[in-house]
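Shown next, in structure tokens, is the structure this report addresses.
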């Protein structure tokens, strides 16, 4: 993940990374408490304060997204393999993956294994698919 420096920062220990305002910094790990993260810039690595940067989210990560909206956005994509990852609205802290595949939009969540997808289930083949999900094996 990338971040843009909003302020200059001068390292005070050899474990910290100095940078200038406007610099692009690669975030390596955010698991150093609420205030610090590990970052890399120009081959150098160290801790940086989170309040000196603005994190730039990946284009495939969507905030405040629901499954229906993810599927709607995927239908507009031209190629198979297009995807979005978004936080689960039903289980905060979990994430869902929506992928366009063969003109269908498939989603996977924490309730399914990494090798399965949730897709609508046809009601007997004559009616429209129900909202009830079913797991389908992935296509490899």
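In UniProt numbering, the protein residues as written are 1 to 140. C-beta atoms are modelled at their ideal positions from N, C-alpha and C, and glycine is treated no differently. These numbers come from a predicted model, not from an experiment.
Residue i to residue j span [Cα, whole Å]
i, j, result
"residue 76", "residue 100", "10 Å"
"residue 20", "residue 53", "10 Å"
"residue 42", "residue 84", "29 Å"
"residue 65", "residue 57", "14 Å"
"residue 6", "residue 22", "6 Å"
"residue 11", "residue 30", "18 Å"
"residue 73", "residue 33", "34 Å"
"residue 94", "residue 81", "22 Å"
"residue 79", "residue 35", "40 Å"
"residue 4", "residue 91", "30 Å"
"residue 114", "residue 55", "With a pLDDT of 49 at residue 114, under the threshold of 50, the predicted position of this residue should be treated as unreliable, though the coordinate-derived value follows. The alpha-carbon atoms of residue 114 and residue 55 are separated by roughly 28 Å."
"residue 137", "residue 9", "Any reading at residue 137 must be qualified, since the residue scores a pLDDT of 43, below 50, and its modelled position is unreliable; the value itself is stated next. C-alpha separation (whole angstroms): 49 Å."
"residue 37", "residue 67", "31 Å"
"residue 15", "residue 51", "17 Å"
Among the options, the one whose alpha carbon lies nearest that of residue i
i, options, result
"residue 2", "11, 61, 12, 34", "61"
"residue 13", "22, 6, 49, 23", "49"
"residue 71", "37, 97, 38, 26", "97"
"residue 59", "9, 86, 34", "86"
"residue 25", "93, 73, 63, 44", "44"
"residue 18", "34, 31, 40, 32", "40"
"residue 28", "34, 67, 15, 47", "47"
"residue 63", "33, 74, 89, 4", "89"
Residue i, enclosing beta strand (DSSP E) - first and last residue
i, result
"residue 54", "53-56"
Run of the alpha helix (DSSP H) containing residue i, from where it starts to where it stops
i, result
"residue 96", "From DSSP, residue 96 is part of no alpha helix (DSSP H) but of the beta strand (DSSP E) over 95-101."
- [ ] Only counting runs of 3 or more residues, tell me where the beta strand (DSSP E) segments fall wholly within the UniProt domain "SH3" (1-58), in order along the chain.
- [x] If we require 3 residues or more, the beta strand (DSSP E) runs fully inside the UniProt domain "SH3" (1-58) come out as 2-5, 24-32, 36-41, 44-49, 53-56.
TODO: Enumerate, from N- to C-terminal direction, the unbroken alpha helix (DSSP H) stretches of 4 or more residues contained entirely within the UniProt domain "SH2" (60-100).
DONE: As for any alpha helix (DSSP H) of minimum length 4 sitting wholly inside the UniProt domain "SH2" (60-100), the runs are 67-75, ordered along the chain.
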